[in-house]
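**Q** In our numbering, the protein residues as written are 8 to 262.
From the three backbone atoms N, C-alpha and C, an ideal C-beta is built for every residue, glycine too.
Shown below is the structure under consideration.
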């Protein structure tokens with residue numbers, strides 16, 4: 008199978024390329040001059056992934072316009088496309104169902120939600136599939152800086168002897184999904200001829216404090232609490248937990 012992967016240099020992209028190395032891959036990164044659509048399938052991972060970004064012009068250009076143009080071209084050519092979305096579109100939801108009304112808390116989440124609406128409206132003869140990633144972790148997170156998962160950040164901090172978590176982190180819980188599981192779901196959807204939105208997570212939430220505790224047992228370190236920066240408070244999701252009913256139904260794992 009010939010597969011175009013955008014954002015192949017990113018954290019998930021690097022893992023995706025490795026996992027699909029038995030296919031004929033075409034790779035594209037923002038700034039490349041040429042992108043071939045002489046392929047059987049597209050996996051679109053490329054985007055600004057900084058949830059703190061306040062540059063709406065850049066987010067609109069890279070996350071929205073580029074994506075909608077790519078989907079339009081795929082639809083015209085009947086090329087199935089899978090697109091990375093984000094659980095951040097749920098905002099302060101407590102149910103995390105794909106049918107919930109999204110309430111994005113930041114511009115990044117807003118750009119992802121706009122993509123979903125516009126691109127699904129184009130879906131016709133070939134699948135347009137959005138996956139709302141929950142908190143993904145795994146190899147190749149080194150370049151992500153503050154956007155890296157707590158598993159990666161806490162392991163790096165533990166090497167200094169101290170893991171720093173925000174005050175109240177015992178109450179901040181997220182659904183942390185291994186990148187290998189996420190990729191496995193992408194592959195399973197190669198056989199799903201259906202457009203829509205699906206959550207990709209584990210269905211379980213654990214606290215940042217618990218993650219720090221697990222890491223401190225793996226790499227001996229003390230855990231220290233620090234105040235949450237003022238600039239992230241308003242857009243900070245305190246809880247995420249994927250509702251996997253639709254995913255399981257689609258993949259026929261459960262009733």
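Just reading off the beta strand (DSSP E) that residue 58 is part of, what are its end residues?
**A** Within the chain shown, numbered from 1, the residue matching residue 58 stands at position 51. Per DSSP, residue 58 belongs to no beta strand (DSSP E) and is neither H nor E.
**Q** Closest to residue 8 by CA distance: which of 150, 101, 20 and 32 is it?
**A** Position 1 of the chain shown holds residue 8. Ranking the options by Cα distance to residue 8, first place goes to 32.
**Q** Determine the DSSP secondary structure at residue 20, reduced to helix, strand or coil.
**A** Sequence index remark: in the chain shown, residue 20 carries index 13 (1-based). Three-state DSSP puts residue 20 in a helix.
**Q** Tell me whether residue 138 sits in a helix, a strand or coil according to DSSP, three-state version.
**A** Along the chain shown, one-based indexing puts residue 138 at 131. Three-state DSSP puts residue 138 in a strand.
**Q** Taking only three categories from DSSP, how would you classify residue 15?
**A** Sequence index remark: in the chain shown, residue 15 carries index 8 (1-based). Note: residue 15 maps to coil in three-state DSSP.
**Q** Along the chain, which unbroken stretches of the beta strand (DSSP E) at least 3 residues long are found entirely within the stretch 182-226?
**A** If we require 3 residues or more, the beta strand (DSSP E) runs fully inside the stretch 182-226 come out as 183-185 and 203-207.
**Q** Could you say which of 199, 159 and 167 lies nearest to residue 185 if we only look at CA atoms?
**A** The residue given as residue 185 occupies position 178 in the chain shown. Selected option, being the one with the closest Cα: 159.
**Q** By alpha-carbon positions, which one of 109, 17, 200 and 197 ends up nearest to residue 35?
**A** Here residue 35 is taken as the residue at index 28 of the chain shown, counted from 1. Of the candidates 109, 17, 200 and 197, the one whose C-alpha sits nearest the C-alpha of residue 35 is 17.
**Q** Suppose you measure from the CA of residue 256 to the CA of residue 111; what does that come to, to the nearest Å?
**A** Residue numbering aside, residue 256 sits at position 249 when the chain shown is read from its first letter. Residue numbering aside, residue 111 sits at position 104 when the chain shown is read from its first letter. Cα to Cα, the separation comes out at about 26 Å.
**Q** Does residue 150 come out as helix, strand or coil in the three-state DSSP assignment?
**A** Counting from one through the chain shown, the residue named residue 150 turns up at place 143. Helix.
**Q** Go to residue 239, then tell me how far its alpha helix (DSSP H) extends in each direction, as first and last residue.
**A** Walking along the chain shown from the start, residue 239 turns up at place 232. First-last of the alpha helix (DSSP H) with residue 239: 237-240.
**Q** Using 8 Å for Cβ pairs, my map puts residue 250 next to residue 102. What's the rounded Cβ distance?
**A** Stepping through the chain shown from its first residue, residue 250 is reached at position 243. Stepping through the chain shown from its first residue, residue 102 is reached at position 95. Confirmed, about 6 Å.
**Q** Can you tell me which of the three DSSP states residue 262 falls into?
**A** The residue you call residue 262 lines up with position 255 of the chain shown. Note that residue 262 has pLDDT 41, beneath the 50 cutoff, so the model's placement of it is unreliable and the number below is only indicative. Residue 262 falls in the coil class under three-state DSSP.
**Q** If contacts are defined as beta-carbon pairs under 8 Å, then residue 129 and residue 82 qualify, I think. What distance do you get, rounded to the angstrom?
**A** Here residue 129 refers to the residue found at position 122 of the chain shown. Here residue 82 refers to the residue found at position 75 of the chain shown. Confirmed, about 5 Å.
**Q** Between residue 191 and residue 145, what straight-line distance do the alpha-carbon atoms span, to the nearest angstrom?
**A** For this step, residue 191 is matched to residue 184 along the chain shown. For this step, residue 145 is matched to residue 138 along the chain shown. Rounded to the nearest angstrom, the two C-alpha atoms are 14 Å apart.
**Q** Closer than 7 Å to a non-hydrogen atom of the ligand FMN - does that hold for the CB of residue 122?
**A** For the structure depicted, the ligand FMN is absent and the ligand set is empty, with no information on it obtainable.
**Q** Buried or exposed: which applies to residue 259, given that a residue is buried once 16 or more other Cβ atoms fall within 10 Å of its Cβ?
**A** Here residue 259 refers to the residue found at position 252 of the chain shown. Its Cβ having fewer than 16 others within 10 Å, residue 259 is exposed.
**Q** Run through the stretch 87-148 for me and flag every whole beta strand (DSSP E) of 3 or more residues, listed as ranges in chain order.
**A** As far as the stretch 87-148 is concerned, its whole beta strand (DSSP E) runs of at least 3 residues are 88-93, 135-140 and 142-144.
**Q** Which residues does DSSP list as the beta-bridge partners of residue 52?
**A** Position 45 of the chain shown holds residue 52. None, per the DSSP bridge assignment.
**Q** Tell me where the beta strand (DSSP E) around residue 173 begins and ends.
**A** Within the chain shown, the letter at position 166 stands for residue 173. Segment 169-173, the beta strand (DSSP E) holding residue 173.
**Q** Report, in whole angstroms, the separation of the C-beta atoms of residue 266 and residue 10, which I expect to be a contact under 8 Å.
**A** Absent from the model: residue 266. The displayed extent of the chain is 8 to 262, so no value can be given.
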